[in-house]
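The structure appears below as structure tokens.
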């Protein structure tokens, strides 16, 4: 165990932890007071480290609060007394200076960062608390197999689904007719090859297969059917069902292979890759910074919660993305969002929030001992 970050792989290295800066140059080295480990940093954090001696820099002796660190090295972990090959990878957005009196080791609360301190290329954000100022209707993102993408409104997506379904049904019906025509030709060829088995009397038939072949090969099937007993007719029906089932399976497999060939030749549309999304405008609760937020695959329950006025949400592991009219945008998934009430506390009326009360207690309140 190293400062709460397990180099033996028995604990997640992504948990929030406070470590001591032991060395800046030639590389950043962090310590838990007992052991030390070298670190890889991203470009924005490297710029901060280059200002050695400045009040705005990180200097030896400072403490850092780090969230989402990645431990690189042997897959099965290493002995903390022999850390050769083990390195810690940290990024700007998930690293902040801690107060001098902050104890080393794990933090109970997740590191919360304000939006004004976030950089576009600074990596994943550990936790942010924002207020929803506007929420769009549900939209759909489609990525094309040939390249490119498009975002549609829900009404346009319904029309596109209907158009795609009709086109695919038309192609599949055409392919199915081709397959059935080919199978019928093979069936006529097989019938011509069928010959009576010598004893062609109905009383000599002992299986459904024999009766079926005799009926198919006969020029007058009604004559054979008239001479069958009840048990022989039952055997014939069972065999016919097996033949029809095998024929349907053969047709479906042939259609599937033919559709795959058409897609490879670009003669048939590929399966659509569509994901629902919700676009919001959010404002940081500790500053006036406002940025767009994209939530992928939101549930109807989440959309209802976000439509409330002045709702506050806590977002874990959001990613900063480029945005045309803002310094950056945010993107996340539904599983990383926890809705809070307008005063920033868990909403009592939300069933889902009751299930996640412990999680909310850990992530909703920003730590007061952290700064950068």
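Numbering (the numbering used here), first residue to last: 12 to 383.
Don't be surprised by glycine CBs; every beta carbon is placed ideally from N, CA and C.
All values reported here derive from a predicted model rather than from experimental measurement.
Contact set for residue 318: own chain, Cβ-Cβ below 7 Å, skip 5 residues either direction
Here the set comprises 146.
Which runs of the beta strand (DSSP E) spanning at least 3 residues fall entirely within the region 282-337, listed in chain order?
284-295, 301-307 and 323-332
Can you list, in chain order, the residues of its chain with a C-beta nearer than 6 Å to that of residue 291? Leave out the 5 residues immediately preceding and following it.
143, 146 and 304
Determine the contact status of residue 326 and residue 162, defining contact as a CB-CB distance below 9 Å.
no
Proximity of residue 136 and residue 260 at Cβ, strictly below 9 Å
It is not a contact, given that the beta carbons lie outside the stated cut-off.
Test item: CB-CB of residue 287 and residue 175 under 9 Å:
no
Straight-line gap, residue 122 to residue 186 (C-alpha atoms, nearest Å)
Within the model, the alpha-carbon separation for residue 122 versus residue 186 is close to 58 Å.
Bridge partners for residue 163 per DSSP, in chain order?
151
Sheet register partners of residue 76 (DSSP bridge)
29 and 107
Kindly indicate which three-state DSSP category residue 243 falls into: helix, strand or coil?
helix
Go to residue 137, then tell me how far its beta strand (DSSP E) extends in each direction, as first and last residue.
136-146
Measure the alpha-carbon distance for residue 407 versus residue 113 and round it to whole angstroms.
The structure shown does not extend to residue 407, since the chain is modelled only from 12 through 383, so no value can be given for it.
7 Å Cβ shell around residue 193 - same chain, five flanking residues per side excluded:
none
Proximity to residue 1 [Cα-Cα], best of 348, 333 and 273
Residue 1 cannot be examined here, being either before or after the span of the chain that is shown, 12 to 383.
Spatial neighbours of residue 219 within its chain, please: CB distance less than 7 Å, with the 5 preceding and 5 following residues excluded, ordered by chain position.
246, 247, 249 and 250
Take every Cβ of the region 231-241, pair it with every Cβ of the region 163-182, and state whether three or more of those distances are shorter than 8 Å.
no
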